[in-house]
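Chemist: Dropping a structure here in structure tokens format, bear with me for questions.
Residue numbers (the numbering used here): 12 to 142.
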């Protein structure tokens, strides 16, 4: 008697997969961590310029951070930091079995998104000269 096996698809249709919000938050956690790691040399260089005691380093820092493209990159890094931080706290809570139920996991993923975006908006306004 031949074995009845389920035919597997030859390709994975990524557009048909419906990821929950917690899945998107997890993917963004990885993306934000990679972005923070890859742009760490820029952040260290900007820190070095900001801590310099010479007039030239202060002028260089002002010139670099005055560029709109650099401000956009820094805004992305602000979001990456806050999302990575908030999601890291969520993951630590899940590791100690807090919020592992489906509805609790969804609510904590929503909280991560809302809090990280709110903090990004506040610090982004400061970065862009809003206050």
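We treat Cβ as the ideally placed atom computed from N, Cα and C, and that holds for glycine.
1) For residue 85 versus residue 138, is the C-beta spacing smaller than 8 Å?
2) Less than 8 Å between the CB atoms is what I'm expecting for residue 89 and residue 141, so what's the real figure, rounded?
3) Here's the rule: buried if 16 or more other CB atoms are within 10 angstroms of the residue's CB, otherwise exposed. What is residue 64?
4) Can you grab the Cα-Cα spacing for the pair residue 95 / residue 44, in whole Å?
5) Count the CB pairs spanning the segment 54-70 and the segment 95-112 that are closer than 8 Å, and state whether there are at least three.
6) Out of 110, 57, 68, which one is the CA nearest neighbour of residue 82?
Modeler: According to the structure shown:
1) In this structure, residue 85 lies near residue 138, with their beta-carbon atoms less than 8 Å apart.
2) Not really, about 13 Å apart at Cβ, beyond 8 Å.
3) exposed
4) Approximately 6 Å, taken between the alpha carbons.
5) no
6) 57
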